[in-house]
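Trainee:
Number of protein chains: 2
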Amino acid sequence: MEFTKRQIKIIEIVKEFGPITGDEIAGKLSLSRATIRPDLTILTMLNILGARPKVGYFYTGKSGMTVFSKKVSSIKVKDTMSLPIVMDENSSIYDVIVGLFLEDMSSVFITNDGFLAGVVSRKDLLRTAMGKMDLNNTPIGLIMTRMPNIVCVTEEDSVLDAAIKIEDKGVDSLPVVRVVDEDLKKLKVVGRFTKTNVNRIFVELARENF
Amino acid sequence: MEFTKRQIKIIEIVKEFGPITGDEIAGKLSLSRATIRPDLTILTMLNILGARPKVGYFYTGKSGMTVFSKKVSSIKVKDTMSLPIVMDENSSIYDVIVGLFLEDMSSVFITNDGFLAGVVSRKDLLRTAMGKMDLNNTPIGLIMTRMPNIVCVTEEDSVLDAAIKIEDKGVDSLPVVRVVDEDLKKLKVVGRFTKTNVNRIFVELARENF
Numbered sequence: 338m339e340f341t342k343r344q345i346k347i348i349e350i351v352k353e354f355g356p357i358t359g360d361e362i363a364g365k366l367s368l369s370r371a372t373i374r375p376d377l378t379i380l381t382m383l384n385i386l387g388a389r390p391k392v393g394y395f396y397t398g399k400s401g402m403t404v405f406s407k408k409v410s411s412i413k414v415k416d417t418m419s420l421p422i423v424m425d426e427n428s429s430i431y432d433v434i435v436g437l438f439l440e441d442m443s444s445v446f447i448t449n450d451g452f453l454a455g456v457v458s459r460k461d462l463l464r465t466a467m468g469k470m471d472l473n474n475t476p477i478g479l480i481m482t483r484m485p486n487i488v489c490v491t492e493e494d495s496v497l498d499a500a501i502k503i504e505d506k507g508v509d510s511l512p513v514v515r516v517v518d519e520d521l522k523k524l525k526v527v528g529r530f531t532k533t534n535v536n537r538i539f540v541e542l543a544r545e546n547f
Numbered sequence: 338m339e340f341t342k343r344q345i346k347i348i349e350i351v352k353e354f355g356p357i358t359g360d361e362i363a364g365k366l367s368l369s370r371a372t373i374r375p376d377l378t379i380l381t382m383l384n385i386l387g388a389r390p391k392v393g394y395f396y397t398g399k400s401g402m403t404v405f406s407k408k409v410s411s412i413k414v415k416d417t418m419s420l421p422i423v424m425d426e427n428s429s430i431y432d433v434i435v436g437l438f439l440e441d442m443s444s445v446f447i448t449n450d451g452f453l454a455g456v457v458s459r460k461d462l463l464r465t466a467m468g469k470m471d472l473n474n475t476p477i478g479l480i481m482t483r484m485p486n487i488v489c490v491t492e493e494d495s496v497l498d499a500a501i502k503i504e505d506k507g508v509d510s511l512p513v514v515r516v517v518d519e520d521l522k523k524l525k526v527v528g529r530f531t532k533t534n535v536n537r538i539f540v541e542l543a544r545e546n547f
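Those sequence lines, one after another, are chains A and B.
The first sequence begins at 338 in this note's numbering and counts up by one.
The second sequence begins at 338 in this note's numbering and counts up by one.
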């Protein structure tokens, strides 16, 4: 979207003098109020200017990003999630490392009886590999991060909510889960949502491919 | 930004009947052309409708995301980059692993004589830790990914360009470099730009904090 020179001037005037009435803005431009009415309509619709009755126009500091917020609130995790690798908590640490390399992933989700029990990251595995454990004969369950300390999302969550969880909890990847039994906290892993997904959405939205 | 009911109707009409003239759209709404003129102006400004002389309005399939594209093309890497950890290529693999844990980073940039020479990731280090190398007495230079196989950005690149590089090259982090000597390919590492930065920009733009 391109602003006209007049719209840019109006934004500058409101930035400097706001709150300011439409008539005053028109006066500063030596134009009639009617001439600039469509500009004011557009700029308020885009949330770049706010308007308050009897007060006038003021600059919101926003830049039309509401469209973006709405868009990323409407894209669901299930629309963009990736396939997870899931291994049982009795798997050896060695097998999990091999699985992680085979699938080239940054983390592995660990299940007990088919339900989410833990997560291990490359970082956890590197720390363990540096230690003195017997990687072939130690089950991954011993070193994984366990429920309930795992941040999850569901397929119906928005990608914005998922990105906020990644940011706020400082994690790289989120298991996407389906709740099988709320009381027993039984969660089935159906996907994986990571910073890689966020980066891809970011690029595709910018290319208007989404 | 909220569309009015009339604007939504106009979008639907153009989706179904476009290309269609302004008069025809007005006719379908039983309104005058003058009444809907501001709506058509807004919708074309937002790139939701396109307009071609003597043809009429058509639906672009875009959703106002041009604002987003422009925004992320205008934010520079230097506005959001993080501090890097940089170690000399004679450092032992063990020291690099320790550095990586101390700073809680996913990769370390390696320099020779102060200039970028390589990159090592957690994945490289995990692979090495699983092998039989003497981590204390092997220099990191032996296992790092070397120039010119390193994808870099400069401080002046846009965050969109950086995100595209991350997506297209399948990497997690990019060294931010300043070119000291173009011919000798001498690059000084001044920052780090990763998927974590992209995720943060994504969240902050959605919250309109940027």
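Beta carbons are placed, not taken as given, at the ideal position from N, Cα and C, and that holds for glycine.
None of the values given here were measured: they were computed from a predicted structure.
1. From the beta carbon of residue 470 (chain A), is the nearest beta carbon of chain B less than 7 Å away?
2. Just reading off the beta strand (DSSP E) that residue 447 (chain B) is part of, what are its end residues?
3. In chain order, what residues of the same chain have a beta carbon less than 8 Å from the beta carbon of residue 448 (chain A), not counting five sequence neighbours either side?
4. Closest to residue 502 (chain A) by CA distance: which of B:487, B:515, B:540, B:484 is it?
5. Rounded to the nearest angstrom, what separates residue 367 (chain A) and residue 375 (chain A) at their Cα positions?
6. For residue 388 (chain B), which residues in chain A fall below 8 Å Cβ to Cβ?
7. In angstroms, rounded to a whole number, what distance separates the CA positions of residue 489 (chain B) and residue 442 (chain B)?
8. Between residue 435 (chain B) and chain A, is the shortest Cβ-Cβ distance under 7 Å, so that the two count as touching?
9. If we require 3 or more residues per run, which beta strand (DSSP E) segments fall completely within the region 449-503 of chain A?
10. Between A:411, A:542, A:356, which lies nearest to residue 493 (chain A) when the distance is taken from Cα to Cα?
11. If we cut at 7 Å on Cβ distances, does residue 343 (chain B) have a partner in chain A?
12. Would a check of beta-carbon distances place residue 371 (chain B) closer than 7 Å to chain A?
13. Looking at C-alpha atoms only, which residue of B:544, B:497, B:517, B:457 is the closest neighbour of residue 446 (chain B)?
14. Take the Cβ of residue 389 (chain A) as the centre, count every other Cβ of all protein chains shown within 10 Å, and call the residue buried at 16 or more, exposed below.
15. Would you say residue 532 (chain A) faces chain B, with C-beta separation under 7 Å as the test?
16. Buried or exposed: residue 533 (chain A), going by 16 or more other Cβ atoms within 10 Å of its Cβ?
17. DSSP three-state label for residue 340 (chain B), please.
18. Quick one: what does DSSP say residue 368 (chain B) is sitting in, helix, strand or coil?
19. Can you find a CB in chain A that lies within less than 7 Å of the CB of residue 543 (chain B)?
20. Would you say residue 512 (chain B) reaches chain A, if we count a Cβ-Cβ gap shorter than 7 Å as a contact?
21. Using 7 Å as the threshold, is the C-beta distance between residue 345 (chain B) and residue 394 (chain B) below it?
22. At 8 Å on the CB atoms, spell out the chain A contacts of residue 481 (chain B), in chain order.
23. Helix, strand or coil for residue 409 (chain A), going by three-state DSSP, please let me know.
24. Indicate the three-state DSSP secondary structure (helix, strand or coil) for residue 422 (chain A) in the structure shown.
25. If the cut is a Cβ gap below 9 Å, which residues of chain B does residue 349 (chain A) touch?
26. On the DSSP bridge list, what partners appear for residue 388 (chain A)?
Mentor: Walking through what the data contain:
1. Along the first sequence, one-based indexing puts residue 470 (chain A) at 133. False, the Cβ-Cβ gap to chain B never drops below 7 Å.
2. For the purposes of this step, residue 447 (chain B) is taken as residue 110 along the second sequence, with counting starting at 1. Taken as a continuous stretch (DSSP letters only), the beta strand (DSSP E) holding residue 447 (chain B) covers 444-449.
3. What you label residue 448 (chain A) is simply residue 111 of the first sequence in a count that begins at 1. Hits under 8 Å: 423, 424, 425, 426, 454, 526.
4. Here residue 502 (chain A) is taken as the residue at index 165 of the first sequence, counted from 1. Comparing Cα positions, the closest option is B:540.
5. For this step, residue 367 (chain A) is matched to residue 30 along the first sequence. For this step, residue 375 (chain A) is matched to residue 38 along the first sequence. Those two C-alpha atoms are separated by around 16 Å.
6. What you label residue 388 (chain B) is simply residue 51 of the second sequence in a count that begins at 1. Under the 8 Å cutoff, chain A gives no residues; its nearest Cβ is about 14 Å from residue 388 (chain B).
7. Along the second sequence, read from residue 1 onward, the residue named residue 489 (chain B) stands at position 152. Along the second sequence, read from residue 1 onward, the residue named residue 442 (chain B) stands at position 105. About 17 Å.
8. Mapped onto the second sequence, residue 435 (chain B) falls at position 98. Answer no: the Cβ-Cβ gap between residue 435 (chain B) and chain A never drops below 7 Å.
9. 452-458
10. To locate residue 493 (chain A), count along the first sequence from 1; it is residue 156. With distances taken between Cα atoms, residue 493 (chain A) lies closest to A:411.
11. Against the second sequence, residue 343 (chain B) aligns to sequence position 6. No, residue 343 (chain B) does not count as interfacial toward chain A.
12. On the second sequence, position 34 is the one that residue 371 (chain B) refers to. By this cut-off, residue 371 (chain B) is not an interface position.
13. Residue 446 (chain B) sits at position 109 when you count from the first residue of the second sequence. Among B:544, B:497, B:517, B:457, the Cα nearest to that of residue 446 (chain B) belongs to B:457.
14. Translated into the one-based positions of the first sequence, residue 389 (chain A) becomes position 52. It is exposed - the Cβ of residue 389 (chain A) has fewer than 16 other Cβ atoms within 10 Å.
15. Within the first sequence, the letter at position 195 stands for residue 532 (chain A). Chain B contact via Cβ: present.
16. Counted from its first residue, the first sequence places residue 533 (chain A) at position 196. It counts as buried.
17. If you number the second sequence from 1, residue 340 (chain B) lands on position 3. Residue 340 (chain B) falls in the coil class under three-state DSSP.
18. Residue 368 (chain B) sits at position 31 when you count from the first residue of the second sequence. Of the three classes helix, strand and coil, the one that applies to residue 368 (chain B) here is coil, per DSSP.
19. Taking the second sequence and counting its residues from 1, one reaches residue 543 (chain B) at position 206. True, the Cβ-Cβ gap to chain A drops below 7 Å.
20. Indexing the second sequence from 1 puts residue 512 (chain B) at position 175. Closer than 7 Å to the CB of residue 512 (chain B) there is not a single CB belonging to chain A.
21. In the second sequence, residue 345 (chain B) corresponds to position 8, counting from 1. In the second sequence, residue 394 (chain B) corresponds to position 57, counting from 1. Their beta carbons are not under 7 Å apart, which means residue 345 (chain B) does not touch residue 394 (chain B) by this criterion.
22. Along the second sequence, read from residue 1 onward, the residue named residue 481 (chain B) stands at position 144. Simply none; closest approach about 16 Å.
23. Against the first sequence, residue 409 (chain A) aligns to sequence position 72. Residue state, collapsed to three classes: helix.
24. Numbered from its first residue, the first sequence carries residue 422 (chain A) at position 85. Coil.
25. Translated into positions along the first sequence, residue 349 (chain A) becomes position 12. The contacting residues do not exist; residue 349 (chain A) stays about 17 Å from chain B at best.
26. As a working mapping, residue 388 (chain A) is identified with position 51 in the first sequence. Beta-bridge pairing links residue 388 (chain A) to A:394.
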